[in-house]
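Quick note, the sequences are listed as chains A and B, same order. Quick note on the numbering used here: the first sequence kicks off at 1 and runs consecutively. Quick note on the numbering used here: the second sequence kicks off at 1 and runs consecutively. For every residue, glycine included, the Cβ atom is placed at its ideal position computed from N, Cα and C. Before any comments, here is the structure.
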Amino acid sequence: GENVEQHPSTLSVQEGDSAVIKCTYSDSASNYFPWYKQELGKRPQLIIDIRSNVGEKKDQRIAVTLNKTAKHFSLHITETQPEDSAVYFCAAMERYSTLTFGKGTMLLVSP
Amino acid sequence: NAGVTQTPKFRVLKTGQSMTLLCAQDMNHEYMYWYRQDPGMGLRLIHYSVGEGTTAKGEVPDGYNVSRLKKQNFLLGLESAAPSQTSVYFCASRPLLGQGNQPQHFGDGTRLSIL
C-alpha cells in the first residue's frame, strides 16, 4: 500500500517568515494530494489540494508543489501569522479513494 | 446543513465493554471512512465504505467492526474494548469518485478512553 513520509515533525518560525513542509509518497498511482490543518482539539480541515496533472497551485499565502517524477510534494506558507500555528497533515489518495496520511508537522509561529 | 456529525463526543469505557460510535452525513456522499488519531501517528484508516451495504478494511481494522445499512450513516463498533483502543476517532465522507477527486470532510471526532 501507499506510504507517506512527512518532514519536519516540528517547525518553529518567526511571524512573517515562510514555512515549508515536505512529503514523499511511494505509490506512483496516487493522483490526489490534499493538505489538512488541524488546530488543537478540532477536526482536520482541508486548506489546499493538488491533482497529479498539475505541478503547482496557489491560494493567497498558501501554495503546494508536486513533483511526480520524484514522488514528493510540498506545502509553502508565506508571511506566516500566529493563527497559522497548528498541526499540518499531508496525504496521498490511492485506490478506492482512500487517503494515506503523513504523521503531521506541528507549526509554531512566534509573534 | 450539518455536514458530518459524530456521536458521542466523549466516552469512557472499561476494558471488555462494548460500544458503537455513530457517524451521520447529510451531504449524500457515497464514501465514508473511520480513522483513529494517536499522538505522533497521524490519522490511520480503520474501515471504509464505498456505498450503502458495503464495507472494507483499512490499515488498522483489528478489534473493530462497521456497518453501513443506510447511505447517510456509518457505524463503528468495539465488541470488547481494550486500553490500546484509547484514541480520538474521526469519521469522514466524500462524494463519488466519478465527480472528480474531491476532499474528505471530517466530523468533530469522538474522544474515547478505555480504562
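Nearest chain B C-beta to residue i closer than 8 Å, yes or no?
{"i": "Gly16 (chain A)", "result": "no"}
{"i": "Asp84 (chain A)", "result": "no"}
{"i": "Glu49 (chain A)", "result": "Per the sequence shown, residue 49 (chain A) should be read as Asp rather than Glu. At least one chain B Cβ lies under 8 Å of Asp49 (chain A)."}
{"i": "Lys103 (chain A)", "result": "yes"}
{"i": "Ser110 (chain A)", "result": "no"}
{"i": "Pro44 (chain A)", "result": "yes"}
{"i": "Leu99 (chain A)", "result": "yes"}
{"i": "Pro8 (chain A)", "result": "no"}
{"i": "Phe89 (chain A)", "result": "yes"}
Could you please give me the residues that DSSP links to residue i through a beta bridge?
{"i": "Tyr89 (chain B)", "result": "B:Arg36 and B:Thr110"}
{"i": "Gly77 (chain B)", "result": "B:Thr20 and B:Asn65"}
{"i": "Lys22 (chain A)", "result": "A:His7 and A:Ser74"}
{"i": "Ile62 (chain A)", "result": "A:Asp59 and A:Ile77"}
{"i": "His105 (chain B)", "result": "B:Ser93"}
{"i": "Asp49 (chain A)", "result": "A:Pro34"}
{"i": "Asn67 (chain A)", "result": "A:His72"}
{"i": "Val4 (chain B)", "result": "B:Gln25"}
{"i": "Ala91 (chain A)", "result": "A:Phe101"}
{"i": "Lys71 (chain B)", "result": "Paired residues: none, contrary to the question."}
{"i": "Arg44 (chain B)", "result": "B:Arg36"}
So residue i and residue j are in contact, right, with Cβ under 8 Å, and what is the actual spacing, rounded?
{"i": "Thr20 (chain B)", "j": "Leu112 (chain B)", "result": "The pair is not a contact, with the Cβ atoms about 11 Å apart (cut-off 8 Å)."}
{"i": "Gly109 (chain B)", "j": "Thr5 (chain B)", "result": "The Cβ separation is near 11 Å, so there is no contact."}
{"i": "Phe27 (chain B)", "j": "Gly3 (chain B)", "result": "At residue 27 (chain B) the sequence reads Met, which differs from the Phe that was named. Yes, Met27 (chain B) and Gly3 (chain B) are in contact; Cβ-Cβ is about 7 Å, under 8 Å."}
{"i": "Val60 (chain B)", "j": "Arg44 (chain B)", "result": "5 Å"}
{"i": "Val4 (chain A)", "j": "Ala63 (chain A)", "result": "In fact, because the Cβ distance is near 19 Å, the residues do not count as touching under 8 Å."}
{"i": "Ala81 (chain B)", "j": "Leu13 (chain B)", "result": "5 Å"}
{"i": "Gly58 (chain B)", "j": "Arg68 (chain B)", "result": "Incorrect: roughly 14 Å between the Cβ atoms, too far for contact."}
If we cut at 8 Å on Cβ distances, does residue i have a partner in chain A?
{"i": "Met19 (chain B)", "result": "no"}
{"i": "Met32 (chain B)", "result": "no"}
{"i": "Met41 (chain B)", "result": "yes"}
{"i": "Arg94 (chain B)", "result": "yes"}
{"i": "Tyr48 (chain B)", "result": "yes"}
{"i": "Gly51 (chain B)", "result": "no"}
{"i": "Asp26 (chain B)", "result": "no"}
{"i": "Gln104 (chain B)", "result": "yes"}
{"i": "Asp108 (chain B)", "result": "yes"}
{"i": "Leu112 (chain B)", "result": "no"}
{"i": "Phe90 (chain B)", "result": "yes"}
{"i": "Leu45 (chain B)", "result": "yes"}
{"i": "Gly58 (chain B)", "result": "yes"}
Can you tell me whether residue i is helix, strand or coil according to DSSP?
{"i": "Pro83 (chain B)", "result": "helix"}
{"i": "Asp84 (chain A)", "result": "helix"}
{"i": "Ser49 (chain B)", "result": "strand"}
{"i": "Ser12 (chain A)", "result": "strand"}
{"i": "Ser112 (chain A)", "result": "No answer is possible for residue 112 (chain A): it lies beyond the span of chain A, which begins at 1 and ends at 111."}
Meets three-Cβ-pair contact criterion under 8 Å: the segment 31 to 39 of chain B and the segment 80 to 93 of chain B = Yes: the two stretches touch, three or more of their Cβ pairs being nearer than 8 Å.
On the three-pair Cβ rule with 8 Å, is the segment 88 to 107 of chain A touching the segment 30 to 48 of chain A?
-> yes
Are at least three pairs of beta-carbons, each pair with one atom in the segment 7 to 16 of chain A and one in the segment 65 to 76 of chain A, less than 8 Å apart?
-> Segment contact: the segment 7 to 16 of chain A against the segment 65 to 76 of chain A, fewer than three CB-CB distances shorter than 8 Å; contact not assigned.
Can at least three beta-carbon pairs, one atom from the segment 81 to 94 of chain A and one from the segment 13 to 26 of chain A, be found at a separation below 8 Å?
-> With a cut-off of 8 Å on Cβ pairs, the segment 81 to 94 of chain A is in contact with the segment 13 to 26 of chain A, counting three or more such pairs.
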